[in-house]
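Remarks on the structure that follows.
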Amino acid sequence: DMETNNFLFIGSYRDNEIGTSHPLTACLDELKRREITITDISISCISKVNVNALISDTLSMPQHMTKSFSDIVCKKTGGNPLFVTQFLQSLWDEGILVFSLEDNTWKWDADASNAKEILDDVGVLMADKIRQLPIRCQYAIKLLACVGSKCNETILQLFMREEEGLHDELSGKERKSSDDSNNQFLMLDFAVDEGLIKKEGQDYIFAHDQIQHAAYLLIPEDERGQLHKHIGHLILKHSPDNRVDDVLFLVTDQLNRGTSFIVLEEERLGIAMLNLRAGEKAMSLSTFLISVSYLKAGIDMLPEGHWGKHYDLSLQLYSLYAEAECCIGNFQEVGHAIGVVIKQAKSFENKLRAYATLMKSLAAQNKLQEAIHIGFGVLTRLGVQCTPSPPDKSVMMKDIMEMKMLLTKTTDAEILNFREMEDENKMTAMKFLQILVFYAY
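Numbering-wise, the sequence shown is residues 23 to 463 according to this note's numbering.
Put into structure tokens, the structure is as follows:
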């Protein structure tokens, strides 16, 4: 947008999870190198004063009356906002913090509050809280955790309504009712009441990412892949053909996380095709890193001897994978993928896409002469004669003037009425000439 002169982007991350090799670090360094203003705001634990203000507001009591209590809470939680809220909740659950109807105010047992142990690992704290919920509620939360930090109710229905029931299948129990979907939603609503999940419109959202993490870790490690596989298959099974594209990323992500439980070649090929579709969609959205992950997963699903048995799928996956890696500057991997295509492709035409990517990759590394050399080689094989060295300037000026005179005498309407090019070789040659123009001039 040429009319927009200013742009503000706000992002957040945990600095203890971002190392020097992380892509975000490289991105921030590049922005600083370009002298783009970046303002860092470090968010730490809240102070005693703020903890007291939070508790005062929560209990609707003056701050001077809650100060002694808030000092205990601050000492126990270190001012971690999530710890503070969960510690208050646990005090209320255990009757240490109560509302007195007689005095119409909140009261607490200071000694019991001070003596109460609090876990210093937020994940363990959240897991302990989830374990106190009904079994069905725990399972519903685990299902949601498998999908992500939030999920739409419509999507949840696709895999919560299965007649056989995921929970019963994994636990080996017989199914007792056919309204599991409704029960699961009741359980999620129960988790909403407990403050673990928020309901916004039709979206169920974990109140904190650590709650999702804790719920996911409660799933035995050897069952996680199986659960992801089931969820992916059920969403795909219950999605109408014309709506599969809407859940493509979600389905592919789930199945990719359950590949260790997928052994049948036909099923693995189906997942490879899904990854190809997801990679193409991600490329169209310019999310190149995500596209790379899908295409790499698709390649990994191909069986031994796939170039002979599944040639078209192999060619598409490797060719697009090279393009995606080129877009993120991973040129070593580009060279590897293109090398495979050039070696395995059955015809020169099947190699053209790889050659175009190779030219772009070389040019991005400032190897312009190599890119031009490859381009000229492709044009020669397409029947376009190219001189090894630039023609004399007078020859070029003569050709330019002739073309200019020709265009001057031709109206826009006449140009639009020209017959479209039909020669496949010439159309391909035009695409390579278009690439070469950027590198040659």
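All C-beta atoms, glycine included, are put in the ideal place defined by N, C-alpha and C. Since the model is a prediction, treat every value here as computed from it, not as a measurement.
Interface flag, residue i vs chain B, CB-CB below 7 angstroms
i	result
Leu438	The structure shown contains no chain B; it is built from a single protein chain.
Residue from the options with nearest C-alpha to residue i
i	options	result
Val400	Leu239, Phe370, Thr88, Leu277	Phe370
Ala376	Gln387, Leu390, Gly357, Asn388	Gly357
Ser411	Gly330, Ala462, Phe271	Ala462
Arg299	His328, Leu110, Leu339	Leu339
Asn126	Gly320, Cys67, Ser82, Leu147	Ser82
Ala319	Ala451, Asp93, Ile293, Lys448	Ile293
Ile13	Lys389, Leu337, Gln387	What is shown of the chain runs 23 to 463, which leaves residue 13 out entirely.
Lys70	Ile58, Gly101, Asp79	Gly101
Ala367	Ala378, Gly330, Leu390	Gly330
Glu116	Trp130, Leu239, Ala344, Asn264	Trp130
Phe271	Ala304, Asn447, Lys420, Asn264	Ala304
Gln448	Asn372, Leu404, Gln154	Here residue 448 turns out to be Lys, not Gln, going by the sequence shown. Lys448 has its Cα closest to that of Leu404, out of Asn372, Leu404, Gln154.
Val8	Leu429, Pro242, Met323	This structure leaves residue 8 out entirely; the chain is present only between 23 and 463.
Thr59	Lys415, Asp244, Phe29	Phe29
Close-in-space but distant-in-sequence residues of the same chain around residue i (CB under 6 angstroms, 5 per side omitted)
i	result
Gly247	Gly280, Ser282, Phe283
Leu234	Sequence check: residue 234 is Gln here, not Leu. Only Ala167, Ser171, Phe228 meet the Cβ criterion.
Pro325	Glu287
Glu355	Glu347
Leu210	Ala162, Tyr226
Glu191	Legend: pLDDT at Glu191 = 48, less than 50; position of this residue unreliable, no value from coordinates given.
Met148	Gln232, Ile233, Ala236
Cys67	Gly100, Gly101, Asn102
Same chain, Cβ closer than 8 angstroms to residue i, five either side skipped, listed in chain order
i	result
Ser45	At residue 45 the sequence reads Pro, which differs from the Ser that was named. Contacts found: Leu311.
Cut-off 7 angstroms between Cβ atoms - residues of its own chain near residue i, not counting five sequence neighbours on either side
i	result
Ala237	Ile152, Ile163, Lys164, Ala167
Tyr35	Leu46
Glu302	Leu342
Gln85	Asn74, Ala75, Ser78
Met381	Ala393, Ile396, Gly397, Ile457
Asn27	none
Short Cβ contact (7 angstroms threshold) for residue i with residue j
i	j	result
Leu291	Val273	no
Ile253	Phe181	yes
Thr99	Phe91	no
Ala213	Cys159	yes
Ser383	Phe353	yes
Ala344	Thr379	yes
C-alpha gap between residue i and residue j, whole angstroms
i	j	result
Thr176	Tyr226	11 angstroms
Gln118	Phe105	The sequence as given places Ile at residue 118; Gln does not occur at that position. If you take the alpha carbons of Ile118 and Phe105, they lie about 17 angstroms apart.
Asn297	Gln456	30 angstroms
Thr61	Ile350	26 angstroms
Gln179	Ala134	44 angstroms
Glu25	Ile396	40 angstroms
Gly33	Lys54	16 angstroms
Phe31	Ile65	17 angstroms
Asp267	Ser261	9 angstroms
Gly327	Tyr333	9 angstroms
Met423	Leu317	47 angstroms
Asp150	Met295	41 angstroms
Pro103	His250	32 angstroms
Residue i CB to nearest heavy atom of the ligand SAM below 6 angstroms
i	result
Thr59	Because no ligand of any kind appears in the structure shown, any question about the ligand SAM cannot be addressed here.
Pick out the complete beta strand (DSSP E) segments inside the region 216-243, 3 residues or longer, and give them in chain order. 219-222, 225-228
Quick one: complete alpha helix (DSSP H) runs, 4+ long, within the region 62-150? Qualifying alpha helix (DSSP H) stretches, in chain order: 70-81, 85-99, 103-115, 132-137.
Can you list the alpha helix (DSSP H) stretches of 4 or more residues lying completely in the region 241-290, in chain order? 243-260, 270-278
With a floor of 4 residues, list each alpha helix (DSSP H) that falls wholly inside the region 347-406, ordered by position along the chain. 353-366, 370-386, 390-403
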